[in-house]
Amino acid sequence: MPLTLASTLVQQAHTSLNPASPQVRLVDQLGTAMFVTAAVVCLLVFAALLWAALRRRSGAEPVADGRQERPMKTAVLLATGVTTVILFVFLIFDVSVGRSITTNPGNDALQIRVTGHQWWWEVQYRDSLPKNWATTANEIHVPVGRPVVFELRSTDVIHSFWPPNLSPKRDQIPGNENSLWFQADSAGVYRGQCAEFCGHQHAKMAFLVVAEPADQFEGWLARQRDTAQTPTDSLARRGKDVFMAASCVMCHAISGTSAGSRIGPDLTHLASRRTLAAGTLPNTRENLTGWIVDPQAIKPGVKMPPNQLSGPELLALVAYLETLK
Amino acid sequence: MTAIPADARPTDDESVRRQLDETWRQTPGLWGWLTSVDHKSIGKRYIVTAMVFFVLGGLEAGVMRAQLARPENSVLGPDAYNQFFTMHGMTMMFLFAVPVMTAVGLYLVPLMIGARNVAFPRLNAYGYWVYLAGGLFLYISFFLNTGPDTGWFSYVPLAGPEFSPGKRVDVYAQSITFTEIAALVAAVELIVTIFKNRAPGMTLNRMPLFVWAMLVQAFMVLFAMPWVATVTQLLAMDRLVATHFFNPAEGGDALLWQHLFWFFGHPEVYIILTPGLGFVSMIVATFTRRPVYGYPAMVLSLLSVGFLSFGLWVHHMFATGLPQLGQSFFTAASMMITIPSGIQIFCWIATIWAGRPRFGVPFLFVLGFVVIFVIGGVTGVMVASVAFDQQVHDSYFVVAHFHYVLIGGAVFPLLGAFYYWFPKITGRMLSERLGRWNFWLLFVGVNLTFFPMHQLGLEGMPRRVYTYLAGTGWGPLNLLATIGAVLVVVGVLLFVINVAVSLRRGALAGDDPWGADTLEWATSSPPPPYNFAHIPVVEGRAPLWEQPGELPAVSGLRTDVRDVLVTTLLDARPDSLHRHPPPTIWPLLTAIATTILFVTLIFTPWGAVIGTPLLLLTLLGWGWPHGRDHQEQRMVEQTG
Amino acid sequence: MTSLQYRYAAVVAALFFQLGCTRTPPQSDAATPAERTSTLPARVSPDTTASSTADDGQWIMPARNFASTRYSGLSQISSQNVGQLKLAWTFSTGVTRGHEAAPLVVDSTMYVVTPYPNLLYALDLTKPGAPLKWTYKPDPALASQGVACCDLVNRGAAYFDGKIYYNTLDAHTVAVDAKTGREVWKTKVGEYTKGESVTMAPLVVKGKVLVGNSGGEFGVRGWLTALDAKTGQLAWRAYHTGPDKDVLIGARFKPFYSQDRGKDLGVSTWPGDAWKIGGGGSWGWISYDPDLDLIYYGTSNPGPWNPDVRPGDNKWTAGIFARDPANGQAVWFYQWSPHDLFDHDGINEQILLDLPIKGQTRKVLIRPERNGYVYVLDRSTGEVLSADSYGYNTTSRGVDLKSGRLIAIPEKATTTGKVIRGICPAAPGTKDWQPSSYSPRTGWLYIPHQNLCEDVEGVESNYIEGTPYVGAIVKMYAGPGGNRGVVTAWDPIGRKAVWEVKEKFPVWSGTVVTAGDVVFYGTMEGWFKALDARTGRQLWQFKTGSGIIGQPVVYRGPDGKEYVAVLSGVGGWAGAVVAGGLDVRDSSAALGFVNAMKDLPQATTKGGMLYVFSLP
Amino acid sequence: MCSHYRENGGAAGQRGSAAKHLSVLLIVLALSGCKREERDFHGLPAGGTITNPKVREVPFVAGGSVPADSRPGPYEENAYAVSQGKTLYNQFNCSGCHFQGGGGIGPPLMDADWIYGSRPENIYETIAEGRPNGMPSFGRKIVPDQIWQIAAYVRSMSGLLRKDVAPGRDDAMQVRPQEQSTQKAKPVQSGIPKSAELP
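In the order they appear, the protein sequences are chains A, B, C and D.
When we follow this note's numbering, the leftmost residue of the first sequence carries the number 35, and every step to the right adds one.
When we follow this note's numbering, the leftmost residue of the second sequence carries the number 3, and every step to the right adds one.
When we follow this note's numbering, the leftmost residue of the third sequence carries the number 32, and every step to the right adds one.
When we follow this note's numbering, the leftmost residue of the fourth sequence carries the number 51, and every step to the right adds one.
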């Protein structure tokens, strides 16, 4: 089965080198400053080394006498001094950046809880009104220009939340809650990936962050809060029956139906998501079908088992899942 | 004790050598090999074993590079890949880097300080056997598909009983215990040997820089290794007898593992570096034909590196969400350690500037070392910054960083050391021509392999991924890295060939092919079992340069028994005599008992019941007094 | 003797008894409001048998009367002579699960409902040894055993208009002809394949049979249903979660506290559609006030136990409703435990009394609640007049009488992946379903309850239809003092415990109190005990074959003698370790109760036997 | 790697007695090691040896069901599969009724009593087809491979699996001794289920 990759959707939006948030911009500046300095230092040292090694020597055997010692002493002391100064500057710079990243985001911040699972991301939008909570997976929508606070948890092993364009990473450690916040300042689709080794599919545990204008975001969130529509056409309706009768229902939840298991990603709005299998496949019919039939071929070790469904069943099931907008 | 010219009383000298030969000779044949307590033969097999593991670890890396050469590749599946990168890490860290350094130390230190052997020859043998057992245990498990698969750092809960079923992680924990015992044994050996067996006159401030490096390293091992030995035992207990050290639900903590592990794990890096720095100092001195500039500064920076390295561990945990202020402290510490390292670089450069460099292969490797190590160093400063590290942590940037540091700081000096001391160990020179090829291939290969990884990391490629998707755009740079890896493999291959060929056809070396200054060059190549016919008396830091031609020697040492001279700690005044044991099989048997204990323990608690008595038994045999010793002990008392 | 002669003897005895009554001591004079209340059910007794009076000697509903006092006016057995109480006769039910039911006595017949398979036995009291008249077998579905959270119990039947009404485990309600044992009707009220079961005893009010469902541990949607007593047709059904129209919240709904006012709170206090599987059944007790014409009943815990997946107050679970029995319209609601964290169902009995409070007599409802407080509510408005702790409590600081809200202690809030230790009271609460009794003579409640604490870890909870939906690992153990059971005499006016009797095991049986000032209850070791209602001194005890978790009843036999009857047969949630033969090595077994009952298997074995006692 | 090793062992097995014994030992080591550590993601080979066993009517008598087919479960010696089975046991709410083996709504699983037989295939049937007294049928809802994993885990609860295969403790509140140190309880046919003792 031809695998085109999900992040083709997100041209060049998975790198810390083009920042899309004040946080990463600051870190990027720090990094650049250090890189340039580091480069200069390296070149100086190499130059000194080469010169020391290749300079033309004056005849006599070298003897460690004062004439030589003095310049060497000054040179070494000077170099050491310069090094110390550079390091001190770095330290100050680093601390200031660190502080400005961890400042309080303010009260109007959006609250999102991201839970790492082997090997996918559960995303939960909190709200003072319980009815307004929304749960999705592997695709995080955020409003542009508004701080977003992420409450980071894990219920199995340690994962690490890292959307390079938007924020430095933070570990999700069972037993201790972590959090970070950022503010996307330009709309776009950004890719992130788990950064802490978490087992077989650490490599394919990615997610998308979709930064969009506030109104679009609110619209999206409102849709996410809806329960799933009961399908109208007969094929999809059959598909729903298949879903409820087959192994799907053991692991996945579709709100508005009797499927309420939290082992796998919530599928209430599966069709509205851009990717499948935690940012691994673009959400197309072929991929969806292939994924259902043999996920182990795509993500060996993933918790989803291969499903032996008859052709018609499979067709109906896919048809149903595609109605979950 | 009086100074006697080396060439005095030749006939007598002959008989002395003959008698010494008789006394220190090791039993011939396989039995002799199994029972040897000579630091040179043990050191040699130690080095060879470590190099074999180096090659194995390298091959594992090669396979991984093959898998990563292109996106969605299928050389290795995730399960195999996880075992491979874990084995690579463990092999390089526990079976190659640390052991090979201590091994070279165990071989050279006694020669450099003019001793006949290490302080505790039998313990030395035991150390090697345990190390060998650990290595075999790990690799046999690997071939039984029981290779550890949770990384050399094996973070819990992933490595805990719930998420790592089976015995793979138990193998991890136990094989570390093996290697830690070996490392601690070696550390004790070196410390005592350096403190108590130096040739008369070799005061602390006359010790060669390499000996200083080994001393510092030994102390670091002594303070760092127990932590990892402990923490891996805690893990084993969590897995086997359901303790809860790392189970948050029952009051344990997953972060406890990281703290304990990195409190060992960071010093570990410097444990590997320090001997490398020692090599460099020796080579620089010899190849610039002048003592290294700033001896006190060099020693002090070695010491301060040793101390500081224990205050950095948290910079491996910047992403775990520890308090900002605390992290800044560790940033400061991490940056501070750059200063002593920098000072040494500067001193070497100054030395080279002041000296008359000869561009032999060892010296090439030193130059390569400086370049690569400095690059690794500056990226080290970058990742010491909390904010920046939280961006690149656990990305390929870090992979690039520490490979620069470790390959630059350890492998290049080590290879340099090989070319430098090979003649001393074997009596034959390594081919310079192959050596140059060897160097340039490695130099280009290493940079080609690891430099692109900085970029990959910044582009967001995480570590420990068995594959990546095409659209990430990480393909080309990875391919480049793989090509580099090929060059490295070829380079190492050339090295192996060079060794193999030179062993037979290498030019004969003679005592001192490089015109070096330290004591090991004062004896024949390879050195006799007793190292020195006459224990030399030292009057300066560079005895062979300062006292050319002849060395004053100690008299009054008996040659018909294994007497070694024990000197005082600070200024190495002769203190007493120490009677060394003859070859014995007990260290091997004890090591076997140890192995039985450790291996059975991970399958059943009964392992303790079976193994402990065996171990006690062998220790009893080891310590069993022989009448002969008593008698001779008395004679020593009479003389002393 | 012929049955005629028996009838004659009975009448004579009745006359004597009446005389005796008039000579009852002044302190129990019908002047106290409490006394009036206790006689209240007599005036509105649904019983149609001619011989019915305040002390007709019958026991036609488990709670004895609509006010749920479980008070018997009979005083033949008194604190003076109870010591001579002897075993009169026994009857084996042949079932060995937990017997929680109260036997009924109507006319001269005793009706006994067993646990699953919910057999109904009619015993003829007119003949010596009370031979079996007939047996009715409803044959509930075998598979329904799989959805009973805490043993396969049944809490009894109700008599009305010549029929015995009761519920079966597989969620059916049956009406059986009291004389012939013929099934009159059988109505399916729930879907056991979705986790619904029915274990409660129905209450018949104004020709309606009131039934509620169990299954708070199976993700059911709780409800109370009224069936037409004649036909079994569904009259109305009030859900306890979801939109107002389902909950039967309309114009008449006037909750006392602001947090209970608002549109569709049954939806907005849940995330997404969690309310559809939010629990809140009603498997406990219903009381009825004929004057106000209101029924009162509690709703059970929200599901799942793990609270992380159901933020909000989770209306209308773990609270109490007052409804109009005619159409089910809600009149007021009060929530004992908003966003319940500990499976503190709100389904315990409520005893309806008229009490003098701050000078004036008020129509109140007394509820010894699972969350550890004895509540006194104004039963016409739902206002909380007082709430006083009657057991060791680490989960809340009390009840704020202004807002009516429980003042929770946040440190004890359970959550996913964290172990919270020292939660007291444990999941069964300070008191579970086991009903208290009230004596107008002492003016005190006699509360059988337990003293348990627990450790809880919330875990991922997955709703899979027909399987449990709990999401918590629980480990219970004895509370401070080590005694797992207590019988407390509680003075509702003085708002304090008068005396306490400690028991080794939870007191999982109900109590009954008589005009003879004797309190009867059973222990899980199998002792059937009589206490002095005024001092709590133990007057008499008898060791039955198995642990007692049933509800004792007191009646007057056709021979005029006063009898005390109780079912012995250990089980229920507390006794599951014996009834289900569970393995005590697993502390989490039976929702963690096993850990607190590890020694019960040494103390008693399974059984199922009716014991009837009388004076010689 | 393993199969390759196994081949070597096999070849060696043909040679002289000493070598033979050694290699036999090695093969045993290899096999046990390999079987235990295998991470078999694709599960059972499609149409392979193990297929969903035929539904058999279970005689409701003391002695329980003893099917003629005594094919061993595929995962009896595979630690990874057993641990997967443990995870599924909890996630699919088996623990909801049987808890961590002590039972509650359903019968205990860590004791010696077996109502419907203790063999892997008995347990497979119990899960797949359900049992009369409240055990639901999961045949269509759990794929065979996972049922076999759960069955293997259920056996480990009463110590019927090798100790180096049975799981260790969970990262959760400790409520029972870990499976790998649970004493083996010799299976006893307990006849009818406790929950079905009717008059």
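Note that beta-carbon positions come from the ideal geometry of N, C-alpha and C, so glycine has one too.
Consult DSSP for Ile100(D) and reduce its assignment to one of helix, strand or coil. Bear in mind that a pLDDT of 39 at Ile100(D), under 50, signals an unreliable position, so the model cannot answer this.
Thinking Gly193(C) and Leu279(C) are a contact (beta carbons under 8 angstroms), I'd like their distance in whole angstroms, please. Not a contact, Cβ separation roughly 30 angstroms.
Which same chain residues, not among the five before or five after Val556(B), have their C-beta less than 8 angstroms away from its C-beta? Met3, Ala201, Pro202, His536, Ile537, Pro538, Val539, Leu567, Pro576
Below 6 angstroms CB to CB, which residues in the same chain sit around Val532(C) once its five sequence neighbours on both sides are set aside? Val518, Gly567
Below 7 angstroms between beta carbons is the criterion; list the residues of the region 487–500 of chain C that meet it against any residue of chain B, in chain order. Glu488
Would you mind telling me which residues of chain A sit closer than 7 angstroms to Ser308(C), beta carbon to beta carbon, in chain order? Looking at the sequence shown, residue 308(C) is not Ser but Ile. Within 7 angstroms Cβ-Cβ: Gly294.
DSSP state of Asn212(A) mapped onto helix, strand, coil: strand
So what does DSSP say about Gly540(C), is it helix, strand or coil? Correcting the residue type first, residue 540(C) is Ser in the shown sequence and not Gly. Three-state DSSP puts Ser540(C) in coil, outside helix and strand.
Should Arg358(B) be flagged as near chain A, meaning a C-beta pair shorter than 8 angstroms? yes
Measure the C-alpha to C-alpha separation of Ala47(A) and Ile135(A) and round it to an integer number of angstroms. 21 angstroms
Check whether chain A comes within 8 angstroms of Ile100(D), counting only Cβ atoms and requiring the distance to be less than that. Confidence at Ile100(D) is low in this model, with a pLDDT of 39, below 50, so the placement of that residue should be treated as unreliable; the coordinate-derived value is given next. No, Ile100(D) does not count as interfacial toward chain A.
Contacting residues, own chain, Cβ-Cβ under 6 angstroms from Val244(A) (five flanking each side not counted): His175, Val223
One question on the structure: do Thr25(B) and Phe55(B) come within less than 8 angstroms of each other, judged by their Cβ atoms? no
Contacts that Ala350(A) makes with chain D (C-beta to C-beta distance below 9 angstroms): Those do not exist, as Ala350(A) stays about 15 angstroms from chain D at its closest Cβ, beyond 9 angstroms.
I'd like the ranges of any alpha helix (DSSP H) spanning at least 4 consecutive residues and lying wholly in the region 242–299 of chain B. 256–290
Start and end residues, beta strand (DSSP E) containing Ile326(C): 325–329
Looking only at its chain, what residues have a beta carbon closer than 7 angstroms to the beta carbon of Ala627(C), apart from the 5 residues adjacent to it on each side? Leu483, Met507, Tyr508, Ala509, Arg515
Should Glu230(A) be labelled buried (16 or more other beta-carbon atoms within 10 Å of its own) or exposed? buried
Taking the alpha carbon of Ile158(B) as the point to measure from, which residue in Ser133(D), Asp221(D), His71(D), Pro186(D) has its own alpha carbon closest? Just to set this straight, residue 158(B) is Val in the shown sequence, not Ile. Comparing Cα positions, the closest option is Asp221(D).
With contact counted as at least three CB pairs below 8 angstroms, one residue from each stretch, are the region 387–402 of chain B and the region 327–345 of chain B in contact? yes
Cβ pair Ala201(D), Ala131(D) closer than 8 angstroms: no
Boundaries (first-last residue) of the alpha helix (DSSP H) holding His403(B): 398–408
Taking the beta strand (DSSP E) that Ala361(C) belongs to, which residues open and close that run? 361–366
Can you tell me where the alpha helix (DSSP H) with Gly146(D) in it begins and where it stops? 144–148
Give me the DSSP bridge partner(s) of Pro387(C). Thr392(C)
With Ile351(C) as the anchor, note down where its beta strand (DSSP E) starts and where it stops. 350–354
Status (buried if at least 16 other CB within 10 Å, exposed otherwise) for Ala86(A): buried
Closest by C-alpha distance to Tyr494(C), when choosing among Gln206(A), Gly290(A), Ser194(A): Gly290(A)
Nearest residue (CA-CA) to Asp170(C), options Ala189(C), Thr199(C), Ser618(C): Thr199(C)
For the alpha helix (DSSP H) that Gln329(B) lies in, which residues bound it at each end? 326–338
Any Cβ of chain A within less than 8 angstroms of the Cβ of Pro77(C)? Caution is warranted here: a pLDDT of 38 is assigned to Pro77(C), below 50, making its placement in the model unreliable, and no coordinate value can be reported.
Start-to-end residues for the beta strand (DSSP E) that takes in Asp275(C): Premise fails: Asp275(C) lies in the alpha helix (DSSP H), 275–278, not in any beta strand (DSSP E).
Examine chain D for any beta-carbon lying closer than 8 angstroms to the beta-carbon of Ala509(C), and answer yes or no. no
Euclidean distance between Cα positions of His456(B) and His403(B): 8 angstroms
By the 9 angstroms beta-carbon criterion, what residues does the region 538–551 of chain C contribute toward chain B? none
Short of 7 angstroms in beta carbon distance, which residues of its chain neighbour Ser527(B), apart from the five on each side in sequence? Order them along the chain. Pro425, Lys426, Gly429, Ala511, Gly512, Asp513
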